[in-house]
Every structure is written in structure tokens, then in C-alpha cells.
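In the working numbering, the protein residues as written are 11 to 221.
Beta carbons: idealized from backbone N, C-alpha and C, even for Gly.
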Amino acid sequence: MDLGANFTSKLEPFLLMSKSAKGAAAAKLIQDATSAPGVFVFAQLLDQPTIQELANSEQHASYFSLLQLFAYKTYSEYRQYKDSLPALNQAQLTKLKHLTLVSLAMEKRTLLYTPLMELLQISSIRELEDLIIDAIYLEVIRGKLDQKEQQLKVEYTMGRDLEPGKVENILVALQHWASTTSSVISTLDEKLGQLATQAAADTASSRKKQQ
11 MDLGANFTSK
21 LEPFLLMSKS
31 AKGAAAAKLI
41 QDATSAPGVF
51 VFAQLLDQPT
61 IQELANSEQH
71 ASYFSLLQLF
81 AYKTYSEYRQ
91 YKDSLPALNQ
101 AQLTKLKHLT
111 LVSLAMEKRT
121 LLYTPLMELL
131 QISSIRELED
141 LIIDAIYLEV
151 IRGKLDQKEQ
161 QLKVEYTMGR
171 DLEPGKVENI
181 LVALQHWAST
191 TSSVISTLDE
201 KLGQLATQAA
211 ADTASSRKKQ
221 Q
């Protein structure tokens, strides 16, 4: 089974409940979903009409922002905007740190302990390693702890929700990569052709000298 393949199914009960939840009930649903064990993807819940309505509610807009935080952002953004968001319980804080690990692991294959501890506001190596081990057990990341070098060697991560607009950016990056790769291959083909021509000329010249 692919890493995190069952995350979408864990969200399904909340999708069903969202169809009839409005106002305070929808806000509570967001709290429950972001606290629930095993729920790490939220884009489908964000797309539900009753949840979208919260964005325009003076009383409940902060809960919509909270769901966006869990879908797309990291612990750093939470620290930056925490005063305008609902208070997080311990389960939510831990989950957001797990999601932050995922985002970082998608960018780098080696994560050093010291920057992680600073970013996640963790005071001890033991606490950090426990957090990483939990993330591996929950199948949000896969990797190996290197206690000697004090780093995590990432092997694989789950995929996080893509923020609107990011898909287009990824496509542009892929197109640029494909164009660059094509250019490199063309250059290599040209160089190989030149080398082959030069090698043939050198061989012919050598034979003439031997005759």
C-alpha cells in the first residue's frame, strides 16, 4: 500500500457530516477533523459549500482559516497568526508539527535536528525523535533517524493538499524542467556526434600513417 493511501477515507465521515453542518456546527466539525487521528488531508472538506460559507462569517471565519492552515501551511504560519486563530489543543498541535515535517521533507531529503527543534519549538532531542517516530508510525513520512549525525534521512513522504494556484506553479516548473532536460539532451547528442566524427577522423588518419 502507498504511504498514507488511506488518509482520504479517514476524512469521509467528516465530509458526510459537513453536508448538513452550518455555522457553529460547521466550525465544530473543523475542530473535530483537525483533531481526529489519521486525518491529514483537508482540501475536500474545504471545498464543501457549508464550510466555504464560514469564510464570510464574522463569527466563524477564523475556523475556516484554521482549516486552511492544516491543509496548506506549517507550524511557522501558526506561530505567526495564532492570535487570530482558535486555540489549538494538544492533538492539533502535534498534528500540525507532523504536517510541518511532511512539508520540510518534501523540500529536503536530510533534515537536521537543530533547525527542526527551533522551528517546531521543541526543547529536547528525545522529544523531537519521539515526534518523528510517531510520524513514521502514522505513515506520513518514511525515513531513518541518524542519532550520531543528529538528522533525519527522508525516504518518502505523503502528499499534502495543494494550495489553489500551486498546481499552475508546479506545471510551469515541470515544463521548465522538461525544456531544460530536452536542451541538455540535444547538447549531449551534438557533443557525442562531434566526438564520433572526430574519433572516425582520427582513426582514418592513423590508418593512413600506418600504410
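**Message:** Based on DSSP bridge pairs, tell me the residues matched to residue 166.
**Reply:** Numbered from its first residue, the sequence shown carries residue 166 at position 156. Paired residues: 152.
**Request:** Starting from residue 121, trace the alpha helix (DSSP H) both ways and give me its first and last residue.
**Result:** Counted from its first residue, the sequence shown places residue 121 at position 111. Counting along the chain, residue 121 sits inside no alpha helix (DSSP H); it lies in the beta strand (DSSP E) bounded by residues 120-122.
**Message:** From the DSSP secondary-structure annotation, give me the bridge partner or partners of residue 161.
**Reply:** Counting from 1 along the sequence shown, the entry for residue 161 is found at position 151. Within the DSSP bridge table, the entry for residue 161 names 122 and 156 as partners.
**Backbone secondary structure at residue 17 - three-state DSSP** = On the sequence shown, position 7 is the one that residue 17 refers to. For residue 17, the three-state secondary structure derived from DSSP is helix.
**Request:** Would you check if the distance between the CB atom of residue 55 and the CB atom of residue 21 is smaller than 8 Å?
**Result:** Residue mapping note: residue 55 aligns to position 45 of the sequence shown, counting from 1. Residue mapping note: residue 21 aligns to position 11 of the sequence shown, counting from 1. Judged by beta-carbon spacing, residue 21 lies within the 8 Å limit of residue 55, meaning their Cβ atoms are closer than that value.
**Message:** I need the straight-line Cα distance from residue 163 to residue 123, nearest angstrom please.
**Reply:** Position 153 of the sequence shown, counting from 1, holds the residue named residue 163. Position 113 of the sequence shown, counting from 1, holds the residue named residue 123. The straight-line gap from Cα to Cα measures roughly 11 Å.
**Message:** Please report the straight-line C-alpha distance between residue 44 and residue 96, rounded to a whole angstrom.
**Reply:** Walking along the sequence shown from the start, residue 44 turns up at place 34. Walking along the sequence shown from the start, residue 96 turns up at place 86. Approximately 12 Å, taken between the alpha carbons.
**Request:** Spatial neighbours of residue 110 within its chain, please: CB distance less than 8 Å, with the 5 preceding and 5 following residues excluded, ordered by chain position.
**Result:** Within the sequence shown, numbered from 1, the residue matching residue 110 stands at position 100. These residues qualify, in order along the chain: 84, 85, 86, 129 and 130.
**Asked** Considering only residues of the same chain and omitting the five flanking positions on each side of residue 112, which have a CB-CB separation below 7 Å?
**Response** Walking along the sequence shown from the start, residue 112 turns up at place 102. Once the five neighbours on either side are set aside, the close Cβ partners of residue 112 are 150, 151, 167, 168 and 170.
**Sub-8 Å separation of residue 77 and residue 108 beta-carbons** = As a working note, residue 77 is residue 67 in the sequence shown. As a working note, residue 108 is residue 98 in the sequence shown. Not closer than 8 Å, so no.
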